[in-house]
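Shown next, in structure tokens, is the structure this report addresses.
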Amino acid sequence: MRRYDEEARTVLDIYNEAWSENWGHVPMTENEFQHLARALKQIVDPELVFILEDDGYPIGFSLLLPNLNQALRHARDGRLFPFGLIKILLAAKLGAIYETRMPLMGIRKKYHGRGLDALLVLETIQRGKRRGYEACEMSWVLDTNKVLLNALEHLGGVVDKEYALFEKPL
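Letter by letter, the sequence shown follows residues 324 to 493 of the working numbering.
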């Protein structure tokens, strides 16, 4: 966490390269990513952020976050005050959060096809279990990413939700 801003810039660099050929990808600017990184700093568990290196050169990353929705649902009316915030904090403290989400993951193009994505997912599963999490939702795995989809299936992953994007010129 002492090097949080530096590590965030590393993640941004890998992310923009890794996602550059994905349909609809627009590179994030440093300002956009800094804003996101500042917001995530409140909830990120440094034990669940991985940066892969090849001889000291960063080549991949994954970020695992607690699923805060599990605590948020305890404020049933959606209000934080007067008691909603207390309910949310108590729920989080008492173990209501038992799932995680992996919103970001990427491997530099030069290192694709080497199973490094599966390595990140496997380490995420193992470390997440040790931290008390029972499940992980993988976000934004494109249906064209057959390598990662196969790896996830072999690791016991199941498809829970699918989203579709359509394009039509106006």
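We put the CB at the ideal spot given by N, CA and C, even for glycine.
N-terminal and C-terminal residue of the beta strand (DSSP E) that residue i is part of
{"i": "A299", "result": "Not covered by the structure: residue 299. The range shown for the chain is 324 to 493."}
{"i": "G407", "result": "Here G407 belongs to no beta strand (DSSP E); instead the alpha helix (DSSP H) covers 407-416."}
{"i": "L371", "result": "That residue, L371, is in no beta strand (DSSP E); it is neither H nor E in DSSP."}
Contact set for residue i: own chain, Cβ-Cβ below 8 angstroms, skip 5 residues either direction
{"i": "T333", "result": "I374, P381, F384"}
{"i": "G451", "result": "L371, L387, T423, C459"}
Collapsed DSSP secondary structure at residue i in the structure displayed
{"i": "Y380", "result": "strand"}
{"i": "T333", "result": "helix"}
{"i": "T447", "result": "helix"}
{"i": "R424", "result": "strand"}
{"i": "L488", "result": "coil"}
{"i": "L391", "result": "coil"}
{"i": "L403", "result": "coil"}
{"i": "L386", "result": "strand"}
Extent of the continuous alpha helix (DSSP H) to which residue i belongs
{"i": "E353", "result": "353-364"}
{"i": "N473", "result": "469-477"}
Residues of its chain near residue i, where Cβ-Cβ distance is below 6 angstroms and the 5 sequence neighbours each way are ignored
{"i": "G401", "result": "none"}
{"i": "Y434", "result": "I382"}
Inter-residue CB distance, residue i and residue j (contact presumed, cutoff 8 angstroms)
{"i": "L478", "j": "L442", "result": "Not really, about 11 angstroms apart at Cβ, beyond 8 angstroms."}
{"i": "A394", "j": "I420", "result": "5 angstroms"}
Cutoff 7 angstroms; reference residue i; Cβ partners in own chain excluding five residues on either side
{"i": "S462", "result": "R424, M425, P426"}
{"i": "L471", "result": "D440, V464"}
Decide yes or no for the touch test of the stretch 327-342 against the stretch 354-368: beta carbon pairs closer than 8 angstroms, at least 3 of them.
-> yes
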